[in-house]
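These protein sequence lines map, in sequence, to chains A and B.
In terms of numbering that gives the first Met the number 0, the first sequence opens at residue 0 and continues consecutively.
In terms of numbering that gives the first Met the number 0, the second sequence opens at residue 0 and continues consecutively.
Beta carbons: idealized from backbone N, C-alpha and C, even for Gly.
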Amino acid sequence: MIKTLQKGTRNALCVAILATLAGCAEHQTVTQPDTWASPATVPQAAVPEPTEAEAKDLLLRMANYLAQAQRFTVAMTDNYDTLQASGQKLEFSEKRNLTVSRPNGLRVELEESHGEKHLFLYDGKDMTVFNPSQNVYAQTAKAGGIDEAVVYLLKDLHMRLPLAALLLSRFPAEIESRTQALDYVEKTAIHGVPCHHLAGRTETVDYQVWIQEGTQPLPLRIVLTYKNAEGQPQFRAQFFDWNLSPIVSDSKFVFTPPAESRKIAFAAQVTSIAPAAIATPEAIGGKQ
Amino acid sequence: MNIKLNSIVTAMAASFVILAVTADDATARGFGGGGGGARGGGGGASSFQGGGFSRGGAAASGSFSSGAARYGSEGGGSSAASVASSRSQTAQTASTNRAATQQGWQSTSTANQAQRQDSSAENQQQRQATSSQNQDQRQNYSNQNVQTRQQTAQQYHGTYPPHAGYYPPPPPAGYYNNNNNNWDDGEVAAVAVGSAAIGAVAGYAAGQSNASESQSAPATTVVYTAPPPASGGLPCNPNTSVVKGVTYYQCGTSWYTQAYGNGGVVYMPVPAPY
Chain A
0 MIKTLQKGTR NALCVAILAT LAGCAEHQTV TQPDTWASPA TVPQAAVPEP
50 TEAEAKDLLL RMANYLAQAQ RFTVAMTDNY DTLQASGQKL EFSEKRNLTV
100 SRPNGLRVEL EESHGEKHLF LYDGKDMTVF NPSQNVYAQT AKAGGIDEAV
150 VYLLKDLHMR LPLAALLLSR FPAEIESRTQ ALDYVEKTAI HGVPCHHLAG
200 RTETVDYQVW IQEGTQPLPL RIVLTYKNAE GQPQFRAQFF DWNLSPIVSD
250 SKFVFTPPAE SRKIAFAAQV TSIAPAAIAT PEAIGGKQ
Chain B
0 MNIKLNSIVT AMAASFVILA VTADDATARG FGGGGGGARG GGGGASSFQG
50 GGFSRGGAAA SGSFSSGAAR YGSEGGGSSA ASVASSRSQT AQTASTNRAA
100 TQQGWQSTST ANQAQRQDSS AENQQQRQAT SSQNQDQRQN YSNQNVQTRQ
150 QTAQQYHGTY PPHAGYYPPP PPAGYYNNNN NNWDDGEVAA VAVGSAAIGA
200 VAGYAAGQSN ASESQSAPAT TVVYTAPPPA SGGLPCNPNT SVVKGVTYYQ
250 CGTSWYTQAY GNGGVVYMPV PAPY
């Protein structure tokens, strides 16, 4: 009887397990990002994976590597979730080309998914945002270098520059002071490039970063989850074509107003506009 | 009995399989657009023709920090005051948590430091023992002198003035303000920009409508038809004026000017230029 029961039970359970596994496998196929490694490129997990302390070392090694890089260019594509008033979550994407030349040169070329383009330039004296489709630009003086300019751009002018912290020379301190917990997730590969997958938590944002293995610990992908925001939206960025020794001239960071262009204010500065305080036409420049 | 038991087990397994497949199908159907969950519904192709979808929100900032309140409203009803309050609370919480975090991150180095401190503590105790004796002697003399001076000063001034170090010293150079940790807190800033702009117009209207009112009267008491918030488009085909080099757009009694915001070029409500 026991034998018969075992046989029957075994058969039935086998059916259930196989069906469940098939379902899981199918689900995994749907959710697997195409940036992930193919099975052939995933490093074998024979070696014990790094501890939390080693994860911190990896994170700070990446941060220090970026902070100490005097010049670099990189292309970045990102997409992010937006929660609509209806409750529907939509995804938008954009492309960026970044050029950094410490201490004073920063250039960001942005193209949003609906085709709108923006150019941000900082040359150590002025920061400028230019919209070519409307041929308007906003410009303000800001000395002090990239760190000062980026913080001013976001904190005071309330402009948008995703992953701005990565551009700062104090990025290691920024990420260290904000991180409350850090885990080493796994060793994996993105587009065939072996990397470490880390997961960190800050007060308001959970982040994941994939850091290239080897002597150039560069970030290949970053995912931010806004855990306190409704719908817990994510921001996902992929980095391509890192170049740590680009040839860039200083003129790349200087803005020359195109013909017929018109200067406008930064939105954050508009409240201070009063008729008496309006800049003179000479200071406005470009098309009136 | 064997047959019965086998039948029951087989039936249970079959039910499990059916349930698993059904759940999978439900997921697939959800992706296809039918049914929908609590927030699904609607959303046919026509929904996409009107445009006007928001590109903003917490994730649009791409920042390592966020001012978004826990599952709070991102726009619409949130007032600047509530945002400010939320931000203040967040800052306080963040400050506490940062302290806790740093303790956690520093646990390794603390252990090493403890070892170093053990050995140095012995040396220090020896030095302190010697210096304490000397200090006791000096303090005896010093206390006598201080008491004498205090008695003299009280006789002349009534109270003894606070010593030079009474006021808290200024923060050291490079002091890192807590607020600086939220410098890339983009989403709250976006709300604040719109609110501030509308508030400025409301305040201006208050001054225009009743010049005898104190200018410090809160803008919230003014009944004013607020113009639409800063957006990529104007609510009318505007009259355009250029005043001192700045282009203004007029819709009825409302004036706007173009500005660069975190969502691109927008029209901001402004006071009338003349």
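Secondary structure of residue i, DSSP reduced to three states
i	result
A/V269	helix
B/Y165	At B/Y165 the pLDDT is 34, less than 50, meaning the model places this residue with poor confidence; the figure from the coordinates comes in the next sentence. Here B/Y165 sits in coil by DSSP.
A/M126	strand
A/N96	strand
B/Y273	coil
A/R70	strand
A/K55	helix
B/A274	Absent from the structure is residue 274 of chain B, since the part of chain B shown begins at 0 and ends at 273.
A/E202	coil
A/E115	coil
A/D80	strand
A/L153	helix
A/L243	coil
B/S64	coil
A/K226	coil
A/K251	helix
A/E325	Because chain A in this structure spans residues 0 to 287, residue 325 of chain A falls outside the shown range and cannot be described.
A/L65	helix
A/R60	helix
A/F170	helix
Residue i - partner residues in DSSP beta bridges
i	result
B/C235	According to DSSP, B/C235 bridges with nothing at all.
A/W209	A/H196 and A/R220
A/Q231	A/Q231 pairs with nothing; no bridge assigned.
A/L105	A/V99 and A/Y121
A/L162	In the DSSP output, where bridge partners are listed per residue, A/L162 has none listed.
A/R177	Note: A/R177 sits in no beta bridge, so no partner.
A/A288	A query on residue 288 of chain A cannot be resolved here, the shown segment of chain A reaching from 0 to 287 and no further.
A/M75	A/R95 and A/F238
A/E185	A/H196
A/L89	A/T81
A/E110	A/K94 and A/K116
B/Y248	B/T239 and B/Y255
Spatial neighbours of residue i in its chain, beta-carbon cut-off 8 Å, leaving aside the 5 residues before and after
i	result
A/I145	V99, R101, P102, N103, G104, L105, Y121, L166, L167 and S168
A/K116	E108, L109, E110, N130, P131 and S132
A/D182	E51, A54, L197, A198 and G199
A/D125	Q138, T139, A140, K141 and F254
A/Y288	Because chain A here runs from 0 to 287, residue 288 of chain A falls outside it and cannot be looked at.
A/N242	F71, T72 and V73
A/Q215	Y64, W241 and L243
A/P245	R70, F71, T72 and T98
A/T76	S92, E93, K94, R95, A236, Q237 and F239
A/A66	L167, S168, R169, F170 and P171
Close beta carbons around residue i, own chain, < 6 Å, minus the five adjacent residues each side
i	result
B/G251	none
B/S240	Y247
A/N96	A74 and E108
B/V269	W254 and T256
B/Y273	none
A/L118	E108 and F129
B/P237	Y248, Q249 and C250
A/E48	Y183
A/R60	P216
A/R177	T201
B/A58	none
A/I263	V135 and A137
Cβ shell of residue i (< 7 Å), same chain only, five flanking positions each side left out
i	result
A/C194	T187, A188, W209, I210, Q211, E212 and L219
A/E173	A164 and L167
A/N134	P257, E259, S260 and R261
A/L152	M126, M158 and L160
A/V149	L160, A163, L166 and L167
B/R54	G262
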